[in-house]
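Undergrad: Position 36, counted from 1, in the sequence shown is what UniProt numbering calls 36; the numbers after and before it change by one each time, with no gaps.
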Amino acid sequence: FISTDQLSRAGFYYTGIGDIVRCFACHGILYNWEVGDDPIMEHKKHFKHCKFIAKIENYDDVSDSSSSHATFGRDVTGVYKWQCEETIPLLADYD
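#1: In angstroms with no decimal places, state the Cα-to-Cα distance between residue 13 and residue 57.
#2: Please determine, among 17, 51, 52, 27, the residue with the shortest C-alpha to C-alpha distance to residue 33.
#3: Can you check DSSP and say which residues form a bridge with residue 7?
#4: By the DSSP assignment, the beta strand (DSSP E) with residue 52 in it spans what residues?
#5: Given residue 31, which residues of its chain have a CB within under 8 Å of its CB, disregarding the five upstream and five downstream residues?
#6: Drop a sphere of 10 angstroms on the beta-carbon of residue 43, count the other beta-carbons inside from all chains shown, and report buried for 16 or more, exposed for fewer.
Structure, rendered in structure tokens:
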């Protein structure tokens with residue numbers, strides 16, 4: 001089981017289709033998640049040039065929820081939506 005929290009810490013948001021997620025920074029898409037997959041390691045493995053993944057490598061502990069810059073939430077329809085938490089300056093660095 002991979003939590004939405006783990007996926008969001010790795011820069012992914014849910015696309016609304018199956019288990020397909022997309023990176024907000026590099027727009028890379030991953031799917032067919034398996035038990036034991038590490039979203040950060042999969043992101044690094046498949047999208048080596050992603051600026052977000054390069055940035056979070058500088059954090060001491062990206063698994064700590066206090067270092068998370070984004071989370072998933074549900075709206076009233078039950079669809080996952082991306083919710084940024086004070087990330088505007090950080091996101092500007094990726095353009």
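Here a beta-carbon is modelled for each residue, glycine too, at the ideal position from N, C-alpha and C.
Because the structure is a prediction, the values reported are computed rather than measured.
TA: Taking the geometry as given:
#1: Rounded to whole angstroms, residue 13 to residue 57 spans 19 Å at the Cα level.
#2: That would be 17, whose Cα lies nearest to the Cα of residue 33.
#3: Looking at the DSSP output, residue 7 bridges to nothing.
#4: No beta strand (DSSP E) holds residue 52; the alpha helix (DSSP H) holding it covers 51-56.
#5: Within the same chain, Cβ atoms closer than 8 Å to the Cβ of residue 31 are found at 18, 19, 20, 21, the five residues on either side in sequence being excluded.
#6: Result: buried.
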